[in-house]
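**Q**
In our numbering, the protein residues as written are 24 to 173.
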């Protein structure tokens, strides 16, 4: 069967072939194009920081929740991953990283850069006795520093 005939049969059956992103085009951790930009995290801490590829809900950037959950199918693999010190989520975890975790007893300094900038405002998340997750918007390329506080 010729390639053109295969395409016509596939479309008639409702099968849409997957398309790869163009070289240099941003994609999220599952290979889908980031239609509004991909959010990224740089770990500038001396400790690991857990990140997630998802955020459930339409909360604004910087929103904090005590827990997070998988927004996709239950079969989705690896919804959370650690960024080692010095790692950047785009190459080490997910191309589109939508949240990060603040562990109990830690204070985090987060610089909220818009994509392509390096002088965004810094938010200090104070030490708490429980885990928190923070949403990252699709246009952010943030830097994180985590500090243990007594």
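For every residue, glycine included, the Cβ atom is placed at its ideal position computed from N, Cα and C.
Just so we're clear, the structure is a prediction, and the values are computed from it rather than from any experiment.
With contact counted as at least three CB pairs below 8 Å, one residue from each stretch, are the region 99-109 and the region 128-147 in contact?
**A** In short, these stretches do not touch, since the Cβ pair count stays below three.
**Q** Using the Cβ count rule (16 or more neighbours within 10 Å means buried), how would you classify residue 146?
**A** Under this definition residue 146 is an exposed residue.
**Q** Quick check on DSSP: helix, strand or coil for residue 113?
**A** In the structure shown, residue 113 sits in a helix (DSSP, three-state: H, G or I).
**Q** For residue 164, count neighbouring C-beta atoms within 10 Å of its own C-beta (all shown protein chains included) and say buried if the count is 16 or more, exposed if not.
**A** Its Cβ being crowded by 16 or more others within 10 Å, residue 164 is buried.
**Q** Using a Cβ distance threshold of 8 Å, determine whether the region 114-127 contacts the region 72-89, with at least three qualifying pairs required.
**A** Counting Cβ pairs under 8 Å, three or more are found: they touch.
**Q** If we ignore side chains and look at the alpha-carbon of each, how far apart do residue 154 and residue 108 end up?
**A** Between residue 154 and residue 108, the C-alpha separation is close to 20 Å.
**Q** Rounded to whole angstroms, what's the CA-CA distance from residue 158 to residue 73? Just pull it up for me.
**A** Computed Cα separation, rounded: 13 Å.
**Q** Quick check: what's the CA-CA separation for residue 162 versus residue 152?
**A** Approximately 30 Å between the Cα atoms of the pair.
**Q** Identify every residue that forms a DSSP beta bridge with residue 133.
**A** Answer is 146 and 167, bridged to residue 133.
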